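Peer 1: Encoded as structure tokens, here's the structure I'll be asking about.
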Amino acid sequence: LPSMNGIQFLNELKNRAYSIPVIVVSSDTSPESMRSAFKAGIVDFLTKPFTPQEIRDAFELALREQDSIYKRAREIRRLIEEGEIGSAESLMSKLFSDFPDSPFPHFLYALLVAKDKPKLAIKHLKASLSLDGDFKEASDELKKLEE
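First residue of the sequence shown: 2, per the working numbering; consecutive thereafter.
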């Protein structure tokens, strides 16, 4: 990258609230570089040269991870809608720990507490939007609560 290194780019993505799976391909195999990349939120780190199978595996991992969060989010929403609050809370705490940089845990928690704790819900919706400014559902829910 001409104006910044890869770690700076990853941090810039995070600062701009982009939540996308990233696979780093690099010839730098130092433990410090790999550790910095994983701390910045990457899904996988491939070292040059790599095989076609390694890149396929990395993409599959990224897709599975992304699918996992959406699948869990759907399940939590279903539990909330069905009034199974304890089960929803249990899954949600795991979602927060597994995907700390995702807007979904905050959004779902806001849905969970909106009725009884609207101020707390607003805080979590704002946190969700700070992680993904284009998260329409969070924005719509925030507008409803602030009315």
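Cβ atoms here follow ideal geometry from the backbone N, Cα and C, with glycine treated the same way. As the structure is a computational prediction, the values presented were derived from the model and not from experiment.
So L146 packs on P119, CB below 8 Å; how close in whole Å?
Peer 2: Taking C-beta atoms under 8 Å as the contact rule, L146 and P119 qualify, at a distance of about 5 Å.
Peer 1: Answer with buried or exposed for E13, where buried requires no fewer than 16 other C-beta atoms within 10 angstroms of its C-beta.
Peer 2: exposed
Peer 1: With H, G and I counted as helix, E and B as strand and the rest as coil, what does DSSP make of I70?
Peer 2: helix
Peer 1: Identify, in the order they occur along the chain, each residue of the same chain with its Cβ nearer than 7 Å to the Cβ of S37, setting aside the five sequence neighbours on each side.
Peer 2: I8
Peer 1: What is the DSSP secondary structure of S28, reduced to helix, strand or coil?
Peer 2: coil
Peer 1: Give the single residue among F39, S31, M35, D29 whose Cα lies nearest to the Cα of P22.
Peer 2: F39
Peer 1: Please name the residue, chosen from G42, V26, S31, P32, that lies closest to K49 on a Cα-to-Cα basis.
Peer 2: V26
Peer 1: If we call anything under 8 Å between Cβ atoms a contact, is S131 one with A111?
Peer 2: no
Peer 1: Let me check understanding here. Comparing Cα to Cα, which of S31, K137, G42 lies closest to I24?
Peer 2: G42
Peer 1: Which of the three DSSP states is assigned to F152 in this structure?
Peer 2: Residue 152 is absent from the structure shown; the chain starts at 2 and stops at 148.
Peer 1: First and last residue of the beta strand (DSSP E) that includes D45?
Peer 2: 45–48
Peer 1: Exposed or buried, which one is M5 when buried takes at least 16 other CB atoms within 10 Å?
Peer 2: exposed
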